[in-house]
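Colleague: Below is the structure I would like to discuss, written out as structure tokens.
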Amino acid sequence: MRNDSNVSLAAVKRKKTTIAAGVFLLPSFLLIAIYFIYPIIDTFVISTYKWNGISSARVFVGLDNWKTLIHDVFFWDAFKHNVTIMVFSILLQIPIGMLLATFLDAAGRKFNAFKVIWFLPYLMSSVAIAFLFTYALATNGGIISSMASIIKGSKVTIDLLGRSPHALFAVIGVMAWQYTPFYMVYFIAGYGNIDTTIYEAAIIDGATRSQYVRLIAIPLLGPIFKTACTMSLIGSLKYFDLIWNLTQGGPVNSTELMATYMYKLSFQQFNMGYGSCVAAGMFILITIIALLFQKVFVVKEDY
Amino acid sequence: METKTIDYAKAKRKSVIAWSFAIFGACVWLLLTLTPFIFMVLNSFRKQFDMLQQGVFHLPDPWFFENYVEVVTHGFFGYFFRSVIVVTVSLVLTLLISAFAAYPLARMKFRFRGLIYAGIVAMMSVPMHVTLIPVFKLTTDMGLYDKLASLIGPYVTFALPMSVFILTAFMMTIPKEIEESAEIDGCGRFRNFFAIILPLSKPGLSTLAIYNGVATWNEFAFANTLLQTASHKTLPLALGQFKGEHALDIPIILAVLTLSVLPMIILFIIFQDKLVKGMMAGAVKG
């Protein structure tokens, strides 16, 4: 009898907890349902229609858009550009960010001004950076052209954004300028998390600073490296703002990305059906790549 | 004894060389970082045609302040305040709603908790551009198109995953005993949340405020899709608007750029330690 009432009391408590949890989670659920789950499903639904986004007349075309997408050279070129950016982002931003953080960790507070200045680019919006570099990389009166002119002593014009392979690499350079500070702060935080007693113990045991960094700090930063790579990877695959305002995908689609291609189709050519198809394709590709990356590189996730 | 001193001197020489290289590298990156900013600020004080004549790295002659006057008197503050409003409203909602969600995820035992948490975390890797077309459609259907309010929903939703993730991790570190003793004193879950958990989560909340604040302040894609009229647009769209009106006047655009990045720089200098501390909290859980 007594036992029974105990059980039911526990059950009541459990039920109460579940209700309370539900109430707390409700606002998030609502927002996620309206602005996340429904739109993703809808993207796949719209991808089976031919639709200009305005008129109520939409024509069901089945998998036609998807068949077009699989053979769409522009889409796969855009995907290749995304992958190129991804590779160079990981190779540039993370190592440089790591080096800068290592420097600041060794140099101490005397070099705080360096940290502040190094961080500045990350404070600018991608749009502002795009506008700034439209002028900074201009053939006439840009930074690079002007510097080359000063060095050479006569007028030099260097066209970075107007030529085919150059534009993509110019964009990669601008991205490195923008995002390296983010990884720098991330690694500074990582260094800060290493217990100072570990450093002290290493120094007492006779390790030099560089031995400490190479043999102790970097292995300890392993998980942070992984997270940084994942962030860089996903970020590179969904780039939009910078390219849209800097090159609009040009010249001749040489910097077109999946997101800019999707945007052009949907909001410039008002081909929302196919635009949705590109968006859905992008969603699938990013999910696959992120999952593969997790599978290959995940050591062990413990919370 | 002697060999040891020699070793020491050698090691010291080596470290001096390494240190010089490090300082050199640091200065190179400093220059790379600063040059575009110097370019931006110097040239924003020039007359339209002086840029090519004077050379972009010469001091402006004369210093031409009218660019700033022009920008400020032609709607800059409108864009600015609209951005302030959107950022403030989204931020308050994001922090409140994500704290609501993080509390049960960190503190209660119920069915599907792991699944819900994993789902929210997985949302982080989904590119928000995928939702752009349906959200555009939805916004039009709701009659919110071209209204500032249309941005709140998407902004809050896309800030949620990261915020819930960090806050959950944060709330797990708050000792259980505090809550339990409050419960014995007759505190219900909601009192508990507002009186104990929320105030104790302040450090986590301030980190998220910085992050989401910067992200929302700079957001472009949704703003560009959902707003149309110049007098409804936010700051990131102001650049395009000014460029449309002053197509060839580069110094004016550079003045807009300088003005739009200035508040962020000031805020960063004030809050930089908070930012790094916040990232530490995020980095542990990574």
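Protein chains in written order, with the numbering used here: chain B, 1 to 303; chain X, 1001 to 1286.
For each residue, glycine too, the CB sits at the ideal point set by N, CA and C.
Remember, it's a predicted structure, so these values are computed and weren't measured experimentally.
#1: Going by DSSP, which residues form a beta bridge with Tyr49/B?
#2: Restricting to Cα atoms, I'd like to know which of Arg1113/X, Pro1175/X, Gln1054/X is closest to Gly142/B.
#3: Quick check: the stretch 1121-1139 of chain X against the stretch 265-285 of chain B, are there 3 or more CB pairs under 8 Å?
#4: Could you tell me whether the Cβ atoms of Thr1094/X and Asn1212/X are closer together than 7 Å?
#5: Could you tell me whether any Cβ in chain D is nearer than 7 Å to the Cβ of Tyr49/B?
#6: Tell me which same chain residues have a C-beta within less than 6 Å of the C-beta of Leu1262/X, skipping the five on either side of it?
#7: What's the C-alpha gap between Ala228/B and Ile1017/X?
#8: Does any C-beta atom of chain X lie closer than 7 Å to the C-beta of Thr17/B?
#9: Between the stretch 252-286 of chain B and chain X, which residues of the former have a C-beta closer than 9 Å to a C-beta of the latter?
#10: Going by beta-carbon coordinates alone, are Ala101/B and Ile194/B separated by less than 7 Å?
#11: Assign Thr1088/X to buried or exposed, taking buried as 16 or more other Cβ atoms, counted over all protein chains shown, within 10 Å of its Cβ.
#12: Given 8 Å as the limit, is there contact between the stretch 244-259 of chain B and the stretch 86-104 of chain B, that is, 3 or more CB pairs closer than that?
#13: What residues in the stretch 127-139 of chain B bring their beta carbon closer than 8 Å to a beta carbon of chain X?
#14: Taking only the alpha-carbon atoms, compute the straight-line gap between Ile1174/X and Ala128/B and give it to the nearest angstrom.
#15: Please check if any C-beta of chain B sits within less than 7 Å of the C-beta of Lys1004/X.
#16: Would you mind reading off the limits of the alpha helix (DSSP H) that contains Asp1141/X?
#17: Between which two residues does the alpha helix (DSSP H) carrying Met258/B extend?
#18: Give the single residue among Thr196/B, Tyr239/B, Pro219/B whose Cα lies nearest to the Cα of Ser126/B.
#19: Answer with yes or no whether the minimum CB distance from Phe1100/X to chain B is below 7 Å.
#20: Using the beta-carbon of each residue, which ones in chain X are nearer than 7 Å to Lys238/B?
#21: If I measure Cβ to Cβ from Phe1268/X and keep anything under 8 Å in the same chain, skipping five residues before and after, which residues do I get?
#22: Quick check on this structure: which residue in Ser1201/X, Ala1230/X, Leu1042/X has the alpha carbon closest to the alpha carbon of Leu1059/X?
#23: Residues in the stretch 1252-1272 of chain X with C-beta within 9 Å of chain B's C-beta atoms, listed in sequence order?
#24: Would Ile1178/X pass as a contact of Tyr1103/X if the rule is Cβ separation under 7 Å?
#25: Start and end of the alpha helix (DSSP H) containing Ser1189/X?
#26: Which residue wins for smallest C-alpha separation from Thr197/B, given the options Tyr212/B, Met184/B, Tyr183/B, Tyr186/B?
#27: Using the Cα positions of Leu99/B and Gly1025/X, report the straight-line distance between them to the nearest angstrom.
#28: Which residue from Thr1168/X, Ser1098/X, Gly1204/X, Lys1109/X puts its Cα closest to that of Val1156/X?
#29: When you compare the stretch 1179-1191 of chain X with the stretch 1222-1242 of chain X, are there three or more beta-carbon pairs, one atom per stretch, that lie closer than 8 Å?
#30: Since Trp244/B is in the alpha helix (DSSP H), which residue starts that stretch and which ends it?
#31: Can you check whether the C-beta of Met1171/X is within less than 7 Å of a C-beta belonging to chain B?
#32: Short of 7 Å in beta carbon distance, which residues of its chain neighbour Val185/B, apart from the five on each side in sequence? Order them along the chain.
#33: Does the pairing of the stretch 145-165 of chain B with the stretch 1065-1080 of chain X give three or more beta-carbon distances under 8 Å?
#34: With DSSP collapsed to three states, give me the class of His1246/X.
#35: Which of the three DSSP states, helix, strand or coil, is assigned to Ile1174/X?
#36: Give, in chain order, every residue of the stretch 77-89 of chain B whose Cβ lies closer than 9 Å to some Cβ of chain X.
Modeller: In this structure, then:
#1: Counted from its first residue, the first sequence places residue 49/B at position 49. DSSP lists Phe60/B as partners of Tyr49/B.
#2: For this step, residue 142/B is matched to residue 142 along the first sequence. It is Gln1054/X.
#3: The count of Cβ pairs closer than 8 Å, one atom from the stretch 1121-1139 of chain X and one from the stretch 265-285 of chain B, reaches three, so the stretches are in contact.
#4: As a working note, residue 1094/X is residue 94 in the second sequence. As a working note, residue 1212/X is residue 212 in the second sequence. In contact: Thr1094/X and Asn1212/X (Cβ atoms closer than 7 Å).
#5: Any reference to chain D falls outside this structure, whose protein chains are B and X.
#6: Within the second sequence, numbered from 1, the residue matching residue 1262/X stands at position 262. So the list is empty, once near-sequence residues are dropped.
#7: As a position in the first sequence, residue 228/B is number 228, starting the count at 1. As a position in the second sequence, residue 1017/X is number 17, starting the count at 1. Taking the straight line joining both Cα atoms gives about 31 Å.
#8: On the first sequence, position 17 is the one that residue 17/B refers to. It does; some Cβ of chain X falls within 7 Å.
#9: Met258, Ala259, Met262, Tyr263, Ser266, Phe267, Met272, Gly275, Ser276, Ala279, Ala280, Met282, Phe283, Ile286
#10: Your numbering for residue 101/B matches position 101 in the first sequence. Your numbering for residue 194/B matches position 194 in the first sequence. No.
#11: Residue numbering aside, residue 1088/X sits at position 88 when the second sequence is read from its first letter. It is exposed - the Cβ of Thr1088/X has fewer than 16 other Cβ atoms within 10 Å.
#12: No: fewer than three Cβ pairs fall under 8 Å.
#13: Val127, Ala128, Phe131, Leu132, Phe133, Tyr135, Ala136
#14: Within the second sequence, numbered from 1, the residue matching residue 1174/X stands at position 174. Within the first sequence, numbered from 1, the residue matching residue 128/B stands at position 128. Those two C-alpha atoms are separated by around 40 Å.
#15: Your numbering for residue 1004/X matches position 4 in the second sequence. The pLDDT assigned to Lys1004/X is 46, lower than 50, so where the model puts this residue is not dependable; a value taken from the coordinates is nonetheless given after this. Not closer than 7 Å to any Cβ of chain B, the Cβ of Lys1004/X fails to qualify, so no.
#16: Numbered from 1 along the second sequence, position 141 holds the residue referred to as residue 1141/X. Residues 1132-1141.
#17: As a first step, residue 258/B is located in the first sequence; it is residue number 258 there, counting from the start. Its alpha helix (DSSP H) spans residues 258-263.
#18: Locating residue 126/B in the first sequence gives position 126, counting from the first residue. Considering only alpha carbons, the answer is Tyr239/B.
#19: As a first step, residue 1100/X is located in the second sequence; it is residue number 100 there, counting from the start. Output row for Phe1100/X: interface = yes.
#20: By one-based count along the first sequence, residue 238/B stands at place 238. By Cβ distance, chain X contributes Pro1127, His1129.
#21: By one-based count along the second sequence, residue 1268/X stands at place 268. Excluding sequence neighbours, Phe1268/X sits near Leu1275.
#22: Indexing the second sequence from 1 puts residue 1059/X at position 59. When only C-alpha atoms are compared, the closest one is Leu1042/X.
#23: Ile1253, Leu1254, Val1256, Leu1257, Ser1260, Val1261, Met1264, Ile1265, Leu1267, Phe1268, Ile1269, Gln1272
#24: Along the second sequence, one-based indexing puts residue 1178/X at 178. Along the second sequence, one-based indexing puts residue 1103/X at 103. Not in contact: Ile1178/X and Tyr1103/X (Cβ atoms no closer than 7 Å).
#25: Stepping through the second sequence from its first residue, residue 1189/X is reached at position 189. Reading off the sequence shown, one finds Arg at residue 1189/X, where the question assumed Ser. Counting along the chain, the alpha helix (DSSP H) containing Arg1189/X begins and ends at 1189-1192.
#26: Within the first sequence, residue 197/B is the residue found at index 197, counting from 1. Per the Cα distances, Tyr212/B.
#27: Here residue 99/B refers to the residue found at position 99 when the first sequence is read from its first residue. Here residue 1025/X refers to the residue found at position 25 when the second sequence is read from its first residue. Rounded to the nearest angstrom, the two C-alpha atoms are 9 Å apart.
#28: Your numbering for residue 1156/X matches position 156 in the second sequence. The residue with the shortest Cα to Cα distance from Val1156/X is Ser1098/X.
#29: no
#30: Against the first sequence, residue 244/B aligns to sequence position 244. Its alpha helix (DSSP H) spans residues 241-246.
#31: Here residue 1171/X refers to the residue found at position 171 when the second sequence is read from its first residue. It does not: the Cβ of Met1171/X has no partner Cβ on chain B nearer than 7 Å.
#32: Here residue 185/B refers to the residue found at position 185 of the first sequence. For Val185/B, where only same-chain residues beyond five positions count, the Cβ hits under 7 Å are Phe119.
#33: no
#34: Stepping through the second sequence from its first residue, residue 1246/X is reached at position 246. Looking at His1246/X - three-state DSSP - the assignment turns out to be coil, as it is neither helix nor strand.
#35: Position 174 of the second sequence, counted from the first residue, corresponds to residue 1174/X. Reduced to three states, the DSSP call for Ile1174/X is coil.
#36: none
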